[in-house]
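Peer 1:
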Amino acid sequence: MAAHRTRRLVLAAGLVAVAALSSACANIPDRTTPQPVSIDGAQGVAGEAPLPNPTADPYTLVRDFVGKAGNPEAAKKYLTEAARPTWQGDAPPMIINETFNTAPLPPQERRAQGDESGNEVTVVLTVSFVGRLGPDRSFIPAVGSHEYTIVVRRDSEDAPWRIATPPESVLITPPVFKQSYRLVNVYFFDPSFQAVVPDPRYVAAQPLAGLPDRVVRLLVDGPSAALGTAVRSLIGPDAEIRTNAVSDPDDGAVVVNLTKIGDRTPDDRRLIAAQIVLSLRDVTQSRVRLLVDNNSLVSGRADWRPSDLPSYDSATRPNADLPGLFSASGRVFSLNDGTPVPGPAGSGEIEVQSAAQSFDGKMLAVVQEVSTGSRLRIGEFGRQLVEVNLEASTLTRPTWLFGTEPAPSNEVWTVQDGFDVVRVIRTGNGSWATSRVNASELRSFGTITDLRLSRDGARIAAVINGQVVVASVVRDQDSVAIRSPRRLRETEVTGVVGVDWLSQQTLVAATSQSSQPVVNISVDGFKLDRYNSANLGSPVSAIAAAPDRGVVVTDRSGMWGAAEVLQVWRLEPHSAGPGARPFYPG
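Written out as structure tokens, the structure is:
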């Protein structure tokens, strides 16, 4: 009898049909059809978990086991008594596609492993991966297929089948994952402590009363591996939770009681309060009581709500009075009324390939077409644009880092010749100096054709070889590096021609795929939504997005706008033809 688990890399999407089983196992099919699984019994379903169907064959039993993996207690009932103590059902799961295959071993392998008994069967489970949940409870995209060999036994011909060797990983489908885990945003600060940066994590959805405690523990543990040192936390590496974050039985306030936060100024303590309160707003509407060693975190105030905090994202949101712009036919125009902008960018004095407006609207960066390729110019909106010492065969459309009042935006990024990421910084005398970004971790991904700084400055989104790549931006005094790059939905979203930030947590991408010309992707890659394709004519060539703004794209006839994923695209009043490139401040 085969009692040991094996795992093999799969090179084909399915399993080849095998010969009929021996007469001792004549009731077991040679081949099964890939099937999605039910999410009944997933974590979060109240009441005692039901026993497996006593008449289920080994293949159905394995499929049902995967369907119950979101609830470890329910899933353990599918295992033999000997297997239950060793199965780590509460480990971070692997997320797999809903459709997977269960089939017998080929006859030769069955004979070699002694799998000829009527009371033991080896089931080959074939899955394709969506991603996995990391130890920090962040989603990590993954691709590829795997086979797991799972031994299923019964004590006698009349006894029900049970799994003797479950997969070494907890396998869970997206519907089960969504039911079993709750998406929360844990908040940190950008290096200047001017903007908050959301860090998406997934915590167990049940029990509900424990959600605040689970979120606070993630916050105290620090940022996810994907963000790393790109963000800052005032809580400190030695901080601990003094008591579980639970509701006060008298007034319902969620009590967060920390210890060992270090010597913190009143301003630091207010920033800590912001991190905690913002992180908890996804899981509670109650007041949050903030304590350190049983005393108020902030002198004079114990209880907090999100409305008690100042706005920490105002700097990252474009001014509502700035409607957006677009470049076309070598000039820059207003997206609002189609009129050329003042100055050389709108007059045609310079040939504009692409452009970007600063967050406050006061500055404009343009890529100018010249005889040798491209040149970057920057200056005040409506005035002369100074040549920057940066020429190349190609430069990607510029992207601005946010500025904070009263300081204006003073940093622009672009990509030179597809590989060299360059930041251009305003000097003390008002000129602009170039500085290379350490983008060595992007080199192996390919040619960069679009790059956008997130509006909090902590991440970049890029189009590299037609795929969406997200990475963190790590600042260390005067040096800047791009770290931890990840492809998002690399097998599903291809032929990408442009990307932009719809929010701090969400990207939109334009593709050459007629079936999905515009998609919406969460920053971690877990969620993918396809925009309605009605009215759009392939290929889509450009895209623009911003918080609280509609998405604008360009197809072969002109520019189109939509405010929501399911909304039909409407032709922009000032469409400007197929070469238009819309952009919002940022």
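The sequence shown runs 350 to 935 under this note's numbering.
Glycine is no exception: its CB is placed at the ideal position from the N, C-alpha and C atoms.
Return helix, strand or coil for Ser677, following the three-state DSSP convention.
Peer 2: For the purposes of this step, residue 677 is identified with residue 328 of the sequence shown, where counting begins at 1. According to the sequence provided, residue 677 is Ala. The question's Ser does not apply to it. Ala677 falls in the strand class under three-state DSSP.
Peer 1: Can you tell me whether Val917 is buried or exposed? The criterion is at least 16 other CB atoms within 10 Å of its CB, across all chains shown.
Peer 2: For the purposes of this step, residue 917 is identified with residue 568 of the sequence shown, where counting begins at 1. Exposed, by the Cβ-count rule.
Peer 1: I'd like to check one pair, Arg808 with Ser943: are the Cβ atoms closer than 8 Å?
Peer 2: The requested residue 943 does not occur in the structure, where the chain is confined to residues 350 to 935.
Peer 1: Just how far apart, CA to CA, sit Arg930 and Ser703?
Peer 2: Position 581 of the sequence shown, counting from 1, holds the residue named residue 930. Position 354 of the sequence shown, counting from 1, holds the residue named residue 703. Each residue's Cα considered, the two are about 7 Å apart.
Peer 1: Which partner residues does Arg618 have in the DSSP bridge list?
Peer 2: Within the sequence shown, the letter at position 269 stands for residue 618. Partner(s): none; Arg618 has no beta bridge.
Peer 1: Roughly how many angstroms separate the alpha carbons of Arg785 and Val770, rounded to a whole number?
Peer 2: Taking the sequence shown and counting its residues from 1, the one referred to as residue 785 is at position 436. Taking the sequence shown and counting its residues from 1, the one referred to as residue 770 is at position 421. For Arg785 and Val770, the distance between alpha carbons rounds to 6 Å.
Peer 1: Would you kindly report the start and end of the unbroken alpha helix (DSSP H) that includes Pro407?
Peer 2: In the sequence shown, the residue the question calls residue 407 occupies position 58. Note, Pro407: alpha helix (DSSP H), Pro407 to Gly416.
Peer 1: Within the same chain, show all residues whose beta-carbon is closer than 6 Å to that of Gln865, passing over the 5 residues directly before and after it, in chain order.
Peer 2: Reading the sequence shown from its first residue, position 516 is the one you call residue 865. Within the same chain, Gln865 has close Cβ partners Arg879.
Peer 1: Using the three-state DSSP reduction, which class does Val626 fall into: helix, strand or coil?
Peer 2: In the sequence shown, counting from the first residue as 1, residue 626 sits at position 277. Helix at Val626.
Peer 1: Drop a sphere of 10 angstroms on the beta-carbon of Arg919, count the other beta-carbons inside from all chains shown, and report buried for 16 or more, exposed for fewer.
Peer 2: Here residue 919 is taken as the residue at index 570 of the sequence shown, counted from 1. So Arg919 ends up on the exposed side.
Peer 1: Is the beta carbon of Val604 less than 8 Å from the beta carbon of Arg563?
Peer 2: Within the sequence shown, the letter at position 255 stands for residue 604. Within the sequence shown, the letter at position 214 stands for residue 563. Against a cut-off of 8 Å, the Cβ pair of Arg563 and Val604 comes out as no contact.
Peer 1: Val872: which of Leu620, Ala513, Pro547 and Leu734 sits nearest, CA to CA?
Peer 2: Taking the sequence shown and counting its residues from 1, one reaches residue 872 at position 523. Checking every option, the nearest Cα to that of Val872 belongs to Pro547.
Peer 1: Using alpha carbons as the reference points, say which of Leu567, Leu474 and Ile489 lies closest to Glu496.
Peer 2: Reading the sequence shown from its first residue, position 147 is the one you call residue 496. Among Leu567, Leu474 and Ile489, the Cα nearest to that of Glu496 belongs to Leu474.
Peer 1: Could you pull out every residue in the same chain whose Cβ sits closer than 6 Å to the Cβ of Gly928, ignoring the five residues on either side in sequence?
Peer 2: Counting from 1 along the sequence shown, the entry for residue 928 is found at position 579. Ala677, listed in sequence order.
Peer 1: Kindly list the residues whose CB is nearer than 7 Å to the CB of Ala594, restricted to its own chain and excluding five residues on each side of it in sequence; keep chain order.
Peer 2: Taking the sequence shown and counting its residues from 1, one reaches residue 594 at position 245. Excluding sequence neighbours, Ala594 sits near Pro561, Asp562, Val565, Val603, Val604 and Val605.
Peer 1: Alpha carbon to alpha carbon, how far is Pro615 from Pro934? Give it in angstroms, no decimals.
Peer 2: Counting from one through the sequence shown, the residue named residue 934 turns up at place 585. Counting from one through the sequence shown, the residue named residue 615 turns up at place 266. Approximately 34 Å, taken between the alpha carbons.
Peer 1: DSSP three-state call for Leu342: helix, strand or coil?
Peer 2: Residue coverage of the chain in this structure runs from 350 to 935, which leaves residue 342 outside it and unanswerable.
Peer 1: Output the distance between the C-alpha atoms of Pro747 and Val818, rounded to the nearest integer angstrom.
Peer 2: By 1-based counting over the sequence shown, the position of residue 747 is 398. By 1-based counting over the sequence shown, the position of residue 818 is 469. So the alpha carbons of these two residues sit roughly 17 Å apart.
Peer 1: Would you identify the three-state DSSP class for Asp562, choosing helix, strand or coil?
Peer 2: For the purposes of this step, residue 562 is taken as the residue at position 213 of the sequence shown. Asp562 falls in the helix class under three-state DSSP.
Peer 1: Ends of the beta strand (DSSP E) at Phe478?
Peer 2: The sequence position of residue 478 within the sequence shown is 129, counting from 1. That run of the beta strand (DSSP E) goes Glu469 to Leu482.
Peer 1: Compute the Euclidean distance between the alpha carbons of Ser696 and Phe730, then round it to the nearest angstrom.
Peer 2: Taking the first residue of the sequence shown as position 1, residue 696 is located at position 347. Taking the first residue of the sequence shown as position 1, residue 730 is located at position 381. Whole-angstrom Cα-Cα distance: 13 Å.
Peer 1: Looking only at C-alpha atoms, which of Val501, Ala895 and Leu520 sits nearest to Ala440?
Peer 2: For the purposes of this step, residue 440 is identified with residue 91 of the sequence shown, where counting begins at 1. Per the Cα distances, Leu520.
Peer 1: Tell me whether Pro442 is buried or exposed, calling it buried when 16 or more other Cβ atoms sit within 10 Å of its Cβ.
Peer 2: Position 93 of the sequence shown holds residue 442. So Pro442 ends up on the buried side.
Peer 1: Using the rule of at least 16 other Cβ atoms within 10 Å of the residue's Cβ for burial, across every protein chain shown, is Leu557 buried or exposed?
Peer 2: For the purposes of this step, residue 557 is identified with residue 208 of the sequence shown, where counting begins at 1. With fewer than 16 Cβ atoms within 10 Å of its Cβ, Leu557 is classed as exposed.
Peer 1: Please tell me whether Ile499 and Pro484 are closer than 8 Å, where the distance is taken between their beta carbons.
Peer 2: Sequence index remark: in the sequence shown, residue 499 carries index 150 (1-based). Sequence index remark: in the sequence shown, residue 484 carries index 135 (1-based). Not closer than 8 Å, so no.
Peer 1: CA-CA distance, Gly844 and Leu671?
Peer 2: On the sequence shown, residue 844 is found 495 positions in, with the first residue counted as 1. On the sequence shown, residue 671 is found 322 positions in, with the first residue counted as 1. Roughly 31 Å separates the two Cα atoms.
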